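Chemist: Pasting in a structure now, in structure tokens, and then I'll have a few things to ask.
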Amino acid sequence: MAEDDPPWIFACNCEGTEQLQQEVTMNRCSEKTWRISHNFPGKSEVKVLFEEKGMICREAHFRYTSSAGEKEERRITVEFSFPVLDISGRWYPSCGFDRSIKADWFPEVESMTSISAPVICFFNGKGENRHTIALSEVKQKVAMRYGIHEENGVMLCRIDMILPRGLFLQGYKLRIWESAREEPYWNTLADVRKWWEAAPEWQMMEVPGEARKPFYSFWYSKHQSVDADTVEKECRLAADMGFTSVIVDDGWQTDDNSRGYAFCGDWEPAVKKFPDFAQHVRKVRDMGLKYLMWFSVPYVGKRTKAWERFGHKLLYWNELQQAGVLDIRYPQVREYLKGIYLKAVKDWGIDGLKLDFIDEFYLYDESPMFTEGMDCADVQEALDILLTEVKEVLTSVRPDILIEFRQKYIGPQIRKYGNLLRVSDCPGSGISNRVGIVDLRLLSGATAVHSDMLMWHEEEKTEDAALQVLS
Numbered sequence: 004m005a006e007d008d009p010p011w012i013f014a015c016n017c018e019g020t021e022q023l024q025q026e027v028t029m030n031r032c033s034e035k036t037w038r039i040s041h042n043f044p045g046k047s048e049v050k051v052l053f054e055e056k057g058m059i060c061r062e063a064h065f066r067y068t069s070s071a072g073e074k075e076e077r078r079i080t081v082e083f084s085f086p087v088l089d090i091s092g093r094w095y096p097s098c099g100f101d102r103s104i105k106a107d108w109f110p111e112v113e114s115m116t117s118i119s120a121p122v123i124c125f126f127n128g129k130g131e132n133r134h135t136i137a138l139s140e141v142k143q144k145v146a147m148r149y150g151i152h153e154e155n156g157v158m159l160c161r162i163d164m165i166l167p168r169g170l171f172l173q174g175y176k177l178r179i180w181e182s183a184r185e186e187p188y189w190n191t192l193a194d195v196r197k198w199w200e201a202a203p204e205w206q207m208m209e210v211p212g213e214a215r216k217p218f219y220s221f222w223y224s225k226h227q228s229v230d231a232d233t234v235e236k237e238c239r240l241a242a243d244m245g246f247t248s249v250i251v252d253d254g255w256q257t258d259d260n261s262r263g264y265a266f267c268g269d270w271e272p273a274v275k276k277f278p279d280f281a282q283h284v285r286k287v288r289d290m291g292l293k294y295l296m297w298f299s300v301p302y303v304g305k306r307t308k309a310w311e312r313f314g315h316k317l318l319y320w321n322e323l324q325q326a327g328v329l330d331i332r333y334p335q336v337r338e339y340l341k342g343i344y345l346k347a348v349k350d351w352g353i354d355g356l357k358l359d360f361i362d363e364f365y366l367y368d369e370s371p372m373f374t375e376g377m378d379c380a381d382v383q384e385a386l387d388i389l390l391t392e393v394k395e396v397l398t399s400v401r402p403d404i405l406i407e408f409r410q411k412y413i414g415p416q417i418r419k420y421g422n423l424l425r426v427s428d429c430p431g432s433g434i435s436n437r438v439g440i441v442d443l444r445l446l447s448g449a450t451a452v453h454s455d456m457l458m459w460h461e462e463e464k465t466e467d468a469a470l471q472v473l474s
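Just so you know, the sequence shown maps onto residues 4 to 474 in the working numbering.
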């Protein structure tokens, strides 16, 4: 080992474990010190799974046996640091416009199934990768804190995880992937994506050709003021302009147009707006258009029939919205949601779904503990079951079904359940759309990526409106 090529030091000195110290030589690494700590009731070990020039993947294996009724949460902390040399910024999936380096006292960045993804990339002024780290834990909550220490110019990095009670009873493995290769950082992120895709049992949802064609949405043009006549009239124009699919967003299920989610949960078409929904869908499809519908997955409003059935099965109650977040740890809740989406496809003949607000599915401070009637101890585990089964049941009926999610639920898990990823709401902002599109494409692989819908004031100059189209 050359003097100018010092080792990585990977150390674990944890209560309940034997001290483990392992040295691994890597190219272009300097004075990076690692430490893993945890409260697992057993031993841990770390091994190198593969190592190439400037790239390494390690696996931390925590060996223990615990009971399903154990009350203590299992915690893992990974800490490391490195000098900030030739680093101009950082990127992570939900960073938006802010690529700046932060101080070490800034809040952490979180990821889980429905929020972002566990990866962060440091790059230089040439757009080259300087240091990228990614984790194999793409389902459970991960908190990543990266910031420069003002006293010495060193990047202090800390990753915290809390594993849910009742899961991983026979041990736990965490893989940590890193690259210090000097290459365009988008190539490094492509390697991260391929690494996630190579995980056992990971399979991307198939993307039909229609997923890559232009979509027309009724949200910015009509918001909740949609009805059969309005939609059909607009669809004729959309078809003439070359659109191939339309999305009817919030409003089809309620006569109330005051926003909010008090009327979400029954998911039955508002009769005054859509007297015969199946017939309406047929008319639109006869124009040569695919028909997608919006569903707010987590919310059950107080002004619905579903409230009587599920009002006591909530993760959280939102007083402002007059709606609660359904607790999907109950199998009855998951079956109810699956039944709604299946009915929309089979009975109404729709071609796809926009599944919204799934980032609301997590444990809140007021969420109930695991109790009788639940079959999942963990919300993220329940979400994986729900979305996997939704995809399976819908593709069994319509193999070319379109399922859309949007930022910030765009990680590798989401690509298993959906074949369309859309930029988060950015009305009137072409630059936000462009940044969002680029960020999505960095990790989305073959999954279809779409911009947010375009909108501008009706008196806007043609040249300025065109900037949004060009974005």
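We treat Cβ as the ideally placed atom computed from N, Cα and C, and that holds for glycine. Source: prediction; values computed, not measured.
1. Give the range of the beta strand (DSSP E) segment to which S261 is assigned.
2. Closest to M377 by CA distance: which of Q335, L177, C60 and F85 is it?
3. My understanding is that D107 touches H152, with C-beta atoms under 8 Å, so please give their C-beta distance in whole angstroms.
4. Measure the C-alpha to C-alpha separation of E466 and H453 and round it to an integer number of angstroms.
5. Name the DSSP beta bridge partners of K411, please?
6. Within a Cβ cutoff of 7 Å, which residues of the same chain sit near S91, ignoring the five residues on either side of it in sequence?
7. Could you give the C-beta distance for S299 and F221, rounded to a whole number, given that I count them as a contact under 8 Å?
8. Assign I118 to buried or exposed, taking buried as 16 or more other Cβ atoms, counted over all protein chains shown, within 10 Å of its Cβ.
9. In chain order, which continuous runs of the beta strand (DSSP E) of length 3 or greater are located wholly inside the segment 308-352?
10. Are the segment 203-219 and the segment 399-412 touching, with three or more C-beta to C-beta distances below 8 Å?
11. For R148 and L159, what's the separation of their Cα atoms in angstroms?
12. Give, in chain order, every unbroken run of the beta strand (DSSP E) that is at least 3 residues long and sits entirely within the segment 128-175.
13. Quick check on the burial criterion: 16 or more other C-beta atoms within 10 angstroms. Buried or exposed for D252?
14. Scan the segment 54-100 and note each continuous beta strand (DSSP E) run of 3 residues or more that stays entirely inside, going in chain order.
15. For K305, which residues from the same chain have a beta carbon less than 6 Å from its beta carbon, with the 5 sequence-adjacent residues on both sides left out?
16. In terms of residue numbering, what span does the beta strand (DSSP E) encompassing S299 cover?
17. Quick one: grab the DSSP three-state call for F109.
18. Report all residues from its chain with a CB closer than 6 Å to the CB of H226; omit the five preceding and five following residues, and keep chain order.
19. Do the segment 179-187 and the segment 389-399 meet, that is, are 3 or more Cβ pairs less than 8 Å apart?
20. With DSSP run on the structure shown, which of helix, strand or coil describes S224?
21. Do the segment 454-474 and the segment 231-243 meet, that is, are 3 or more Cβ pairs less than 8 Å apart?
22. Restricting to Cα atoms, I'd like to know which of R332, Q383, G342 and L356 is closest to T374.
23. Straight-line CA distance for C32 to T80?
24. How many Å lie between L292 and D381 at the Cα?
25. Measure the beta-carbon distance from E363 to V328 and round it to whole angstroms, keeping in mind my assumption that it falls under 8 Å.
26. For I417, decide whether its Cβ has a neighbour in chain D, counting only Cβ atoms nearer than 7 Å.
27. Taking just the CA atoms, how far does S97 sit from I39?
28. Take L358 as the anchor and find which of G314, L366, Y67 and Y412 has the nearest alpha-carbon.
Modeler: Reading from the atomic positions:
1. Translated into positions along the sequence shown, residue 261 becomes position 258. No beta strand (DSSP E) contains S261, which DSSP labels as neither H nor E.
2. As a first step, residue 377 must be located in the sequence shown, where it is residue number 374. If we check each option's Cα against that of M377, Q335 comes out closest.
3. If you number the sequence shown from 1, residue 107 lands on position 104. If you number the sequence shown from 1, residue 152 lands on position 149. Right, the Cβ-Cβ distance comes to about 5 Å (below 8 Å), so this counts as a contact.
4. By 1-based counting over the sequence shown, the position of residue 466 is 463. By 1-based counting over the sequence shown, the position of residue 453 is 450. Cα-Cα distance, rounded: 22 Å.
5. Walking along the sequence shown from the start, residue 411 turns up at place 408. Answer is none; K411 lacks a bridge partner.
6. Here residue 91 refers to the residue found at position 88 of the sequence shown. Excluding residues within five positions, the ones whose Cβ falls inside 7 Å are F126, N127 and G128.
7. The residue labelled residue 299 in the question sits at position 296 within the sequence shown. The residue labelled residue 221 in the question sits at position 218 within the sequence shown. No, S299 and F221 are not in contact; Cβ-Cβ is about 15 Å, not under 8 Å.
8. The sequence position of residue 118 within the sequence shown is 115, counting from 1. So I118 ends up on the buried side.
9. 317-321 and 326-329
10. yes
11. Locating residue 148 in the sequence shown gives position 145, counting from the first residue. Locating residue 159 in the sequence shown gives position 156, counting from the first residue. C-alpha separation (whole angstroms): 8 Å.
12. 132-138, 145-152 and 157-166
13. Against the sequence shown, residue 252 aligns to sequence position 249. It counts as buried.
14. 58-66, 77-86 and 92-94
15. Position 302 of the sequence shown, counting from 1, holds the residue named residue 305. Around K305: A265 and Q325.
16. The residue labelled residue 299 in the question sits at position 296 within the sequence shown. From DSSP, the beta strand (DSSP E) with S299 extends over K293 to S299.
17. Here residue 109 refers to the residue found at position 106 of the sequence shown. The answer is coil: DSSP assigns F109 none of H, G, I, E or B.
18. For the purposes of this step, residue 226 is taken as the residue at position 223 of the sequence shown. Excluding positions up to five away in sequence, the list is empty.
19. no
20. For the purposes of this step, residue 224 is taken as residue 221 along the sequence shown, with counting starting at 1. Note: S224 maps to helix in three-state DSSP.
21. no
22. Position 371 of the sequence shown, counting from 1, holds the residue named residue 374. Here the closest residue by C-alpha is R332.
23. Taking the sequence shown and counting its residues from 1, the one referred to as residue 32 is at position 29. Taking the sequence shown and counting its residues from 1, the one referred to as residue 80 is at position 77. For C32, the predicted structure reports a pLDDT of 39, less than 50, and the residue's modelled location is therefore unreliable. A value from the coordinates is still provided. For C32 and T80, the distance between alpha carbons rounds to 22 Å.
24. Counted from its first residue, the sequence shown places residue 292 at position 289. Counted from its first residue, the sequence shown places residue 381 at position 378. Those two C-alpha atoms are separated by around 39 Å.
25. As a working note, residue 363 is residue 360 in the sequence shown. As a working note, residue 328 is residue 325 in the sequence shown. Their Cβ separation, rounded to whole angstroms, is 5 Å, which keeps E363 and V328 in contact under 8 Å.
26. Protein chains in the displayed structure number just one, and chain D is not present.
27. Within the sequence shown, residue 39 is the residue found at index 36, counting from 1. Within the sequence shown, residue 97 is the residue found at index 94, counting from 1. Approximately 26 Å between the Cα atoms of the pair.
28. Here residue 358 refers to the residue found at position 355 when the sequence shown is read from its first residue. Minimum Cα distance to L358 is reached at Y412.
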